[in-house]
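Chain order of the listed sequences is A and B.
Using my numbering, read the first sequence as starting at 555 and increasing by one per residue.
Using my numbering, read the second sequence as starting at 106 and increasing by one per residue.
Note that the Cβ used here is the ideal one computed from N, Cα and C, for glycine as well.
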Amino acid sequence: MKRSLCYLYAAAFLFILPAAGYAVDYSVDATTILRLEKLDIPGAGKDTLLPATQFLGVDVEKLADGNLSLHFYGWERVDLSDNSYNNSKADGSLTYGYLQYRFKQANADVRAGRFFVHEGIVSEQVDGISVRSDLPLGFGLSAFGGATVHTEHLYGESSDGKGDSIFGGRANYRYKGVLELGVSGVYESNVPILINYANGNRRLVGGDIWFSPHKMIEIMGRSSYNAETSEVAEHNYLLNIKPTPQLVVSGQFSEQNDRSFQYSWAMFSGAALNPDFKSRATGINASYEINSYVGLAVDYKHYRREIGNADRYGADARFHFLNNTLRSGIGYHYLQAGSGFAIGSNPSASYHELRGYVLHDTKSYFAAADAIGFLFKDKVQNENSAWEGIFSLGYHITPALALSGDISYGRNPEFTEETKGLVRLTYNMTFDGKGGKK
Amino acid sequence: MKCLQAMLPFLLLAVLTVILAACAQMKAIPNLPASHPEALAAGQQVNCTECHADPQKGTMKEMTAFNHSPSFVKNHSFYAATDDRLCSTCHKRSFCNDCHTNKVEMKPSTRYGYRPDREMPHRGNFMTMHKIEGKLDPASCYRCHGRANNERCVACHR
Chain A
555 MKRSLCYLYA AAFLFILPAA GYAVDYSVDA TTILRLEKLD IPGAGKDTLL
605 PATQFLGVDV EKLADGNLSL HFYGWERVDL SDNSYNNSKA DGSLTYGYLQ
655 YRFKQANADV RAGRFFVHEG IVSEQVDGIS VRSDLPLGFG LSAFGGATVH
705 TEHLYGESSD GKGDSIFGGR ANYRYKGVLE LGVSGVYESN VPILINYANG
755 NRRLVGGDIW FSPHKMIEIM GRSSYNAETS EVAEHNYLLN IKPTPQLVVS
805 GQFSEQNDRS FQYSWAMFSG AALNPDFKSR ATGINASYEI NSYVGLAVDY
855 KHYRREIGNA DRYGADARFH FLNNTLRSGI GYHYLQAGSG FAIGSNPSAS
905 YHELRGYVLH DTKSYFAAAD AIGFLFKDKV QNENSAWEGI FSLGYHITPA
955 LALSGDISYG RNPEFTEETK GLVRLTYNMT FDGKGGKK
Chain B
106 MKCLQAMLPF LLLAVLTVIL AACAQMKAIP NLPASHPEAL AAGQQVNCTE
156 CHADPQKGTM KEMTAFNHSP SFVKNHSFYA ATDDRLCSTC HKRSFCNDCH
206 TNKVEMKPST RYGYRPDREM PHRGNFMTMH KIEGKLDPAS CYRCHGRANN
256 ERCVACHR
């Protein structure tokens with residue numbers, strides 16, 4: 555994997571260097587992060603970690619006849635001191651890397667390589683090919699297929715529990731600006747048999763809807779059906795009401811049949827979950843932009859599971875000043891939850907969450923301070939709270955190149971004390987004549 | 106069965122005719138622009154309707170649907186599942202992968218410590234908090250860690 559990543563990095567650079575001489579648009583996002591962490595773990599002593607991580611993203615557009623593009627993103631980490639993560643001194647991952655041909659009409663495109671698919675009920679990462687296009691009369695079609703992108707092997711197994719190939723797609727119909735209906739599905743090849751876990755095939759079909767009878771009202775959502783368990787896996791729906799451009803009131807309902815929804819989650823033996831267990835959440839939230847400087851939001855959510863009920867409610871405020879270069883926010887939430895959700899044998903899982911941040915980004919320097927605290931109703935591992943404060947300071951060496959550093963300190967039940975430092979070099983450059991993406 | 110076999114050439118011809126007719130009409134279906142004509146400021150809660158009054162041609166939906174209100178940001182998965190091509194006119198693919206990825210060792214909020222204004226998961230000491238949140242809403246864990254991002258999970262969940 556590491557060797558293939560090196561090849562891909564090299565290939566990406568070989569690709570963009572000659573591209574620089576032609577009329578192509580290309581952008582490079584590179585972030586180098588050197589972290590320093592000192593951990594004091596009760597019973598396990600102190601650790602000093604010094605991992606260096608390189609993130610690299612490249613987008614090359616307007617290749618060939620102008621409609622072909624290349625997109626690549628990955629990262630690589632090397633430990634300069636003790637092992638920072640699991641047992642390897644170095645690791646990396648290709649997040650995506652694909653060629654895309656975008657047709658001149660009907661939003662049609664073809665992708666080949668490693669990419670993410672988000673279509674209706676489908677959310678997958680695939681090494682393969684995808685095609686999609688709008689069709690006449692408001693119809694649309696998309697399809698994908700290829701090899702599954704595997705993850706870490708499960709403990710004591712030689713597999714992550716996923717099948718080796720996957721395909722699926724979505725058909726949709728749009729009626730003016732009022733209605734969109736979609737039907738989608740995903741089919742994964744047979745999953746491997748595991749020794750220690752119950753495993754299940756990922757084979758889902760479902761539908762999605764977006765309905766806006768008036769521009770102030772939106773109803774959207776999706777339902778999925780697990781063909782393996784012959785049962786509905788999930789309903790997830792959202793209602794947005796926008797009486798004014800500044801005010802948005804939303805209501806949400808979601809319900810999962812735990813076994814059917816988590817059927818292919820081998821790590822937690824999803825296929826062996828009690829078929830009668832359900833998780834349900836209903837919530838409401840409202841946000842209001844008082845003016846261009848201040849925005850407020852309040853929210854409430856009720857959770858219902860076999861192990862008990864819980865409620866979470868709170869509010870956030872956001873502030874924007876100095877032409878948006880000074881931004882800050884404060885928030886408070888309270889979770890009221892019983893012993894079923896608690897850590898260990900605690901009688902309650904309730905906690906207060908407090909957060910505040912401020913950042914200032916100028917053409918020369920940028921600085922940010924962020925603090926978050928969780929105050930437990932009942933002590934967790936003899937600690938009343940878990941909190942963390944981060945301070946970040948950086949300097950724009952050029953508009954594209956910035957050097958910054960973070961330092962954070964926290965106390966929590968996991969680590970008596972947690973001190974972390976980080977140095978970051980970022981390079982974000984877009985070479986094109988117009989527009990831009992962020 | 107024989108009747109079906111006899112009709113097969115006609116059915117294929119009909120399908121071909123429909124495909125050709127559809128392709129002929131494809132040229133009339135508008136494309137979304139490849140990118141937004143103006144660079145957009147970072148850190149702004151984008152209000153599309155400040156400039157766009159008409160329904161978005163490529164999606165046929167009112168632009169008000171895509172205003173980046175706090176509700177939109179929290180529930181963006183609904184929009185991305187149907188209109189990610191509109192997202193990609195303003196956002197690079199890597200913008201999504203700041204949080205949505207297959208394997209990463211660093212929390213997004215650590216990588217972007219200088220951007221506390223961005224909505225990012227697992228801020229603070231989530232190692233402790235996941236013991237509560239995981240029981241509260243396991244579906245939200247599954248969405249990101251069920252099919253990917255399991256390295257940290259397998260270290261303890263055995």
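Quick check: is the beta carbon of residue i nearer than 8 Å to any beta carbon in chain A?
i                : result
CYS258 (chain B) : yes
PHE183 (chain B) : yes
LYS208 (chain B) : yes
ALA158 (chain B) : no
PRO114 (chain B) : no
ALA244 (chain B) : yes
Can you pull the chain B residues whose beta carbon is under 9 Å from the beta carbon of residue i, in chain order?
i                : result
ARG813 (chain A) : Within 9 Å Cβ-Cβ: nothing; ARG813 (chain A) doesn't reach chain B, min ~11 Å.
TYR709 (chain A) : VAL259, ALA260, HIS262 and ARG263
THR607 (chain A) : GLU210, MET211 and ARG216
GLU942 (chain A) : ARG228, GLY229 and ASN230
ARG757 (chain A) : By Cβ distance, chain B contributes nothing, its closest Cβ being about 14 Å from ARG757 (chain A), past 9 Å.
Since residue i meets chain B, which of its residues come closer than 7 Å, beta carbon to beta carbon?
i                : result
ARG728 (chain A) : MET165
ILE926 (chain A) : ARG228 and GLY229
ALA903 (chain A) : ILE237
When the Cα of residue i is compared with those of the options, which residue comes out closest?
i                : options                                   : result
LYS236 (chain B) : B:SER214, B:GLY251, B:PRO221 and B:HIS262 : B:HIS262
TYR847 (chain A) : A:PHE807, A:ALA820, A:GLN800 and A:ALA835 : A:GLN800
ASP583 (chain A) : A:THR602, A:LEU610 and A:LEU590           : A:LEU610
ALA851 (chain A) : A:ALA825, A:ALA835, A:VAL803 and A:ILE861 : A:VAL803
ALA940 (chain A) : B:ALA253, B:ASN230 and B:ARG248           : B:ASN230
THR973 (chain A) : A:GLY964, A:TYR981 and A:LEU979           : A:GLY964
ILE749 (chain A) : A:VAL759, A:GLY715 and A:GLY760           : A:GLY715
SER784 (chain A) : A:ALA825, A:ILE747 and A:PRO797           : A:ALA825
ASP853 (chain A) : B:GLU167, B:ALA260 and B:PRO175           : B:PRO175
ASN753 (chain A) : A:ALA697, A:SER823 and A:PRO797           : A:SER823
Counting only C-beta atoms, is residue i closer than 8 Å to chain B at any point?
i                : result
GLU860 (chain A) : no
ASP960 (chain A) : yes
GLY989 (chain A) : Residue placement at GLY989 (chain A) cannot be trusted, given a pLDDT of 48 that sits under 50; the coordinates are not used to answer.
ASP583 (chain A) : yes
LEU792 (chain A) : yes
MET983 (chain A) : no
GLY885 (chain A) : no
ALA666 (chain A) : no
TYR627 (chain A) : yes
ASP718 (chain A) : no
ASN744 (chain A) : no
ASP714 (chain A) : yes
SER833 (chain A) : yes
Applying a beta-carbon distance threshold of less than 9 Å, which residues of chain A neighbour residue i?
i                : result
GLU224 (chain B) : Ordered by position in chain A, no residue passes the 9 Å Cβ test against GLU224 (chain B), which lies about 10 Å from the chain.
Measure the CB-CB distance between residue i and residue j and report whether it falls below 8 Å.
i                : j                : result
ASP55 (chain B)  : GLY868 (chain A) : Here chain B covers residues 106 to 263 and nothing more, so residue 55 (chain B) does not appear.
LEU653 (chain A) : GLY667 (chain A) : yes
GLN806 (chain A) : SER833 (chain A) : no
ASN744 (chain A) : ASN726 (chain A) : no
ALA921 (chain A) : LEU947 (chain A) : yes
ALA186 (chain B) : GLY674 (chain A) : yes
VAL664 (chain A) : ASP681 (chain A) : no
VAL759 (chain A) : GLY736 (chain A) : no
ALA891 (chain A) : SER899 (chain A) : no
ASN621 (chain A) : LYS658 (chain A) : yes
ILE771 (chain A) : GLU734 (chain A) : no
Using the beta-carbon of each residue, which ones in chain A are nearer than 7 Å to residue i?
i                : result
LEU241 (chain B) : TYR857, ALA864, ALA891 and PHE895
ALA253 (chain B) : GLN679 and THR705
ALA170 (chain B) : SER766 and GLU772
ALA111 (chain B) : Chain A residues near ALA111 (chain B): none, gap ~29 Å exceeds 7 Å.
Just reading off the alpha helix (DSSP H) that residue i is part of, what are its end residues?
i                : result
LEU604 (chain A) : Per DSSP, LEU604 (chain A) belongs to no alpha helix (DSSP H) and is neither H nor E.
THR187 (chain B) : 181–195
LEU241 (chain B) : 231–241
SER745 (chain A) : Here residue 745 (chain A) is Val; the residue named in the question, Ser, does not match the sequence. No alpha helix (DSSP H) holds VAL745 (chain A); DSSP gives it neither H nor E.
ARG198 (chain B) : 198–202
Determine the chain A residues that contact residue i at a beta-carbon separation under 8 Å, and present them in chain order.
i                : result
LEU117 (chain B) : Residues of chain A passing the Cβ test: none, with the nearest at roughly 19 Å.
ALA139 (chain B) : GLU615 and ARG656
Taking C-beta pairs closer than 8 Å, name the residues in chain B that residue i reaches, listed in chain order.
i                : result
GLY736 (chain A) : THR187
ASN753 (chain A) : Simply none; closest approach about 12 Å.
GLY964 (chain A) : GLY229 and ASN230
Grab the span of the beta strand (DSSP E) containing residue i for me, first residue to last.
i                : result
HIS789 (chain A) : 785–798
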